[in-house]
Amino acid sequence: MRYAIIESGGKQYRAEEGATIAVDRLGLQAGKKFDLEHVLLMADGEDIMVGTPTLSGVNVKATVLEHMRGPKVISFRYSPKKRIRVKGGHRQAYTRLMIDFIGRPGEERKVERTEVKKAPKKEPTKADLAKKEAKPKSKSTKKSVNKDNKKSKKE
């Protein structure tokens, strides 16, 4: 298994051949192929090459799959007793990349695509079926407390 540690947007990512990674938004169109030159480390089985700070002559070929946005992050700030409330939201822009090849230019290797397998659905158990078939409870009438029976503070 060959992988590399790459730098993109000031952050470091582990890139494996045939895998997808989400990096900060790149100004490239979807479907475009390009090279990532900032390779910090490359490992091929037991052989590990570490750069100082980057490896020269090693690049990572990637394809832009899509541009997307991350989950919404809500920030809320308030000052008590001042009636100051500031609510803001943010969604980070990401680019999903498919890593096609890791290595030196001119090196030819066959890359196997790794697909993420979904977990099989569980069979419903007897307990789950019993919960679904349970009848809803009938409405219970509230018993009101007689005000005359309450003890007052004066007594």
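Numbering follows my numbering, in which position 104 of the sequence shown is assigned residue number 663; successive positions increment by one, without gaps.
Ideal placement from N, C-alpha and C gives every residue a C-beta, glycine not left out.
Query: Separation of L656 from L624, as counted between CA atoms; Result: 6 Å
Query: Close Cβ partners of T716 (< 8 Å) along its chain, the five nearest in sequence each way excluded; Result: The structure shown does not extend to residue 716, since the chain is modelled only from 560 through 714, so no value can be given for it.
Query: Bounding residues of the alpha helix (DSSP H) (the contiguous stretch that carries E692); Result: 685–692
Query: Secondary structure of K646, DSSP reduced to three states; Result: strand
Query: DSSP beta-bridge partners of V582; Result: T654
Query: Pair within 8 Å by beta-carbon distance, K620 and R650; Result: no
Query: Contacts around D603, its chain only, beta-carbon distance under 7 Å, and the 5 residues preceding and following it disregarded; Result: R561
Query: CB contact flag (M608, L600, <8 Å); Result: yes
Query: Cβ-Cβ distance between H597 and S567 below 8 Å; Result: yes
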